[in-house]
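Residue numbers (the numbering used here): 21 to 259.
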């Protein structure tokens, strides 16, 4: 790190209380190490299920809109890199190896994101995260690059702490809020291995009613089986 003030600015991010506060503090920390823009994302890796991703972005609004509308996440080389590597990645034109991926490069340049880095954070749990920092000018020297890469790594690890402490629980709470009382009751008994017949008896409703609630519940959890629903319920503390 360049100095104690930068480190203090980054560390202050861990005091974030919600997603908006998190982004504000992350943007301030990014500016402290020389970047105009920051993006933070996490991936919840679920057992035998496709992962669920969530992004908190301070990138320009126009870029975010283009990125979503054109599905650039499928072409962005930083995403698969961060899913499979642990070292920071400095953005380089050589990363964009296909005409499709170069669309990401061209749009990035339009919005002042010509240069930057992406930093993955992995651990033994089911949550992996990614920090991307962007700006419109290259590093001026190797010494600046070293300082920025070190600062980015510290920032990414602090962000990961906040993601696990604040963002993921909030994400789980939002999911829980979308479930009806009956769906939560059915989920509770599914997690205990009860059949539809037993659940119907416990809740004093018909089996058809149980099936109806499960048919509504499974898409909300992005699952297709009872076992998967039980796993999600436990991992997200829904029951």
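Beta carbons are placed, not taken as given, at the ideal position from N, Cα and C, and that holds for glycine.
Sequence-distant residues of the same chain with beta carbon closer than 8 Å to residue i, five excluded per side
i           : result
residue 28  : none
residue 135 : 111, 154, 155, 156, 157, 158, 159
residue 217 : 227
Beta-bridge pairing of residue i - partner residues as DSSP gives them
i           : result
residue 251 : Paired residue(s): none; residue 251 is not in a bridge.
residue 140 : 150
residue 62  : 74, 149
residue 180 : None, per the DSSP bridge assignment.
residue 57  : 154
Nearest candidate by alpha-carbon position, reference residue i, set the options
i           : options       : result
residue 47  : 253, 152, 209 : 152
residue 203 : 74, 220, 190  : 220
residue 232 : 254, 257, 205 : 205
residue 148 : 256, 60, 82   : 60
Short CB-CB distance (under 7 Å) between residue i and chain B
i           : result
residue 229 : Among the chains in the structure shown there is no chain B, since it carries only a single protein chain.
Collapsed DSSP secondary structure at residue i in the structure displayed
i           : result
residue 163 : helix
residue 73  : strand
residue 67  : coil
residue 27  : helix
residue 105 : coil
Whole-angstrom distance between residue j and residue i, CA atom to CA atom
i           : j           : result
residue 55  : residue 182 : 20 Å
residue 223 : residue 245 : 21 Å
residue 237 : residue 209 : 13 Å
residue 185 : residue 229 : 37 Å
residue 96  : residue 235 : 35 Å
residue 239 : residue 71  : 14 Å
Chain-order list of residues whose beta-carbon lies under 7 Å from that of residue i (same chain, five-residue window excluded)
i           : result
residue 241 : 249, 252
residue 243 : 69, 249, 252
Contact set for residue i: own chain, Cβ-Cβ below 6 Å, skip 5 residues either direction
i           : result
residue 102 : 138, 140, 150
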